[in-house]
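*Asks:* Note that the sequence shown ends on residue 220 in the working numbering; no numbers are left out.
Beta carbons: idealized from backbone N, C-alpha and C, even for Gly.
Source: prediction; values computed, not measured.
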Amino acid sequence: MARSTRTCLIEIAYEMFLQHGFHGVGLDFILRKVGVTKTTFYNHFDSKDDLILNVLRWRDQVESETLTRLLEEYGGSSSRGKLHALFDALDAWFQAPGFQGCVFITAAAEYPSPFEPAHQVAASHKNTMRDSLLRLAQDAGARRPELLADLLALLVDGAIVLRHVSGNTNAARLAGEAAALLLKKHLPSTGTASDVAGHGGGARATNPVTFKLGG
Numbered sequence: 006m007a008r009s010t011r012t013c014l015i016e017i018a019y020e021m022f023l024q025h026g027f028h029g030v031g032l033d034f035i036l037r038k039v040g041v042t043k044t045t046f047y048n049h050f051d052s053k054d055d056l057i058l059n060v061l062r063w064r065d066q067v068e069s070e071t072l073t074r075l076l077e078e079y080g081g082s083s084s085r086g087k088l089h090a091l092f093d094a095l096d097a098w099f100q101a102p103g104f105q106g107c108v109f110i111t112a113a114a115e116y117p118s119p120f121e122p123a124h125q126v127a128a129s130h131k132n133t134m135r136d137s138l139l140r141l142a143q144d145a146g147a148r149r150p151e152l153l154a155d156l157l158a159l160l161v162d163g164a165i166v167l168r169h170v171s172g173n174t175n176a177a178r179l180a181g182e183a184a185a186l187l188l189k190k191h192l193p194s195t196g197t198a199s200d201v202a203g204h205g206g207g208a209r210a211t212n213p214v215t216f217k218l219g220g
């Protein structure tokens with residue numbers, strides 16, 4: 006099925022923003038890439054800033070769905086399994102062709118004021134990731150779930166920056182080594198009742214979690 010004009014604008018703009026930054030790409034350049042006129046563009050978006058916000062919201066949804074799927078694949082249905090699989094899922098993203106970093110980190114850097122709408126969407130993405138980790142940590146019976154969630158979120162963003170800036174393809178695996186030590190310290194030797202029931206048995210954890218990918 007052919008993509009709609011709106012979808013094409015969002016997806017191609019995302020690629021351009023990821024490669025060149027939000028301020029490094031003009032609207033005319035995006036329109037030439039898509040092959041549409043300004044009149045057509047303004048039928049879908051109010052401005053370039055409106056396009057940027059829609060790109061970020063679209064990418065937020067894409068990354069949420071992608072990581073949720075990867076955690077199911079690598080970690081099964083239990084919260085404990087998903088926590089242990091977090092950096093395997095991140096590594097799968099890092100190893101995918103065309104990895105160019107996190108568009109949300111770019112947005113926060115280019116729009117540093119917390120009052121900027123683009124910055125707010127980026128912050129919301131990161132906060133939701135941390136909250137998702139917190140719910141998993143709580144469900145897995147972590148002794149200090151808030152601290153564990155904060156530390157894991159820090160490792161995720163650190164791995165993303167290391168992978169993007171230095172090109173270190175082992176970034177997620179290195180972060181995973183640190184995460185394994187944290188999980189050993191913070192999680193009980195066996196899962197909670199709901200966690201054990203969900204591990205390897207095809208059952209869902211009692212509190213299903215939707216994830217946001219770090220980038």
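Exposed or buried, A198, counting other C-beta atoms within 10 Å across all chains shown (16 or more means buried)?
*Replies:* Confidence at A198 is low in this model, with a pLDDT of 42, below 50, so its placement is unreliable and the value that follows should be read with caution. Under this definition A198 is an exposed residue.
*Asks:* Cutting at 6 Å between CB atoms, please list the residues of its own chain near L187, excluding the five before and the five after it.
*Replies:* L156
*Asks:* Based on Cα-Cα distance, which residue from L192, A185, L139 and E16 lies nearest to I57?
*Replies:* E16
*Asks:* Do you know how far the Cα of R149 is from the Cα of L61?
*Replies:* Cα-Cα distance, rounded: 32 Å.
*Asks:* In terms of residues, what are the limits of the alpha helix (DSSP H) holding H130?
*Replies:* P122 to D144
*Asks:* Sorted by chain position, which residues of the same chain lie with C-beta nearer than 6 Å to A90's C-beta, five sequence neighbours on each side aside?
*Replies:* For A90, where only same-chain residues beyond five positions count, the Cβ hits under 6 Å are L76, Y79 and G80.
*Asks:* Use the C-beta contact count for Y19: other C-beta atoms within 10 angstroms, 16 or more gives buried, fewer gives exposed.
*Replies:* It is buried - the Cβ of Y19 has at least 16 other Cβ atoms within 10 Å.
*Asks:* Between L179, L153, F120 and D65, which lies nearest to K189 when the distance is taken from Cα to Cα?
*Replies:* L153
*Asks:* Pick helix, strand or coil for T12, following the three-state DSSP scheme.
*Replies:* helix
*Asks:* Kindly indicate which three-state DSSP category G172 falls into: helix, strand or coil?
*Replies:* coil
*Asks:* So the candidates are V108, S171, S82 and F46; which of them puts its Cα closest to the Cα of D33?
*Replies:* F46
*Asks:* How is L187 classed by DSSP in three states: helix, strand or coil?
*Replies:* helix
*Asks:* Below 7 Å CB to CB, which residues in the same chain sit around L141 once its five sequence neighbours on both sides are set aside?
*Replies:* The answer, listed in chain order, is S84, K87, L88 and V214.
*Asks:* Cβ atoms of F22 and V108: under 8 Å apart, would you say?
*Replies:* yes
*Asks:* Is it true that the CB of A101 sits closer than 8 Å to the CB of L72?
*Replies:* no
*Asks:* Since V60 is in the alpha helix (DSSP H), which residue starts that stretch and which ends it?
*Replies:* K53 to G80
*Asks:* In its own chain, which residues sit with a C-beta less than 7 Å from the C-beta of K53, not counting the 5 before and 5 after it?
*Replies:* Here the set comprises L32.
*Asks:* Thinking C-alpha only, which one of A164, G146, E182 and H130 is nearest D65?
*Replies:* H130
*Asks:* Would you identify the three-state DSSP class for G29, choosing helix, strand or coil?
*Replies:* coil
*Asks:* Ends of the alpha helix (DSSP H) at G86?
*Replies:* S84 to Q100 is the extent of the alpha helix (DSSP H) around G86.
*Asks:* Beta carbon of F99, beta carbon of A176: below 8 Å?
*Replies:* yes
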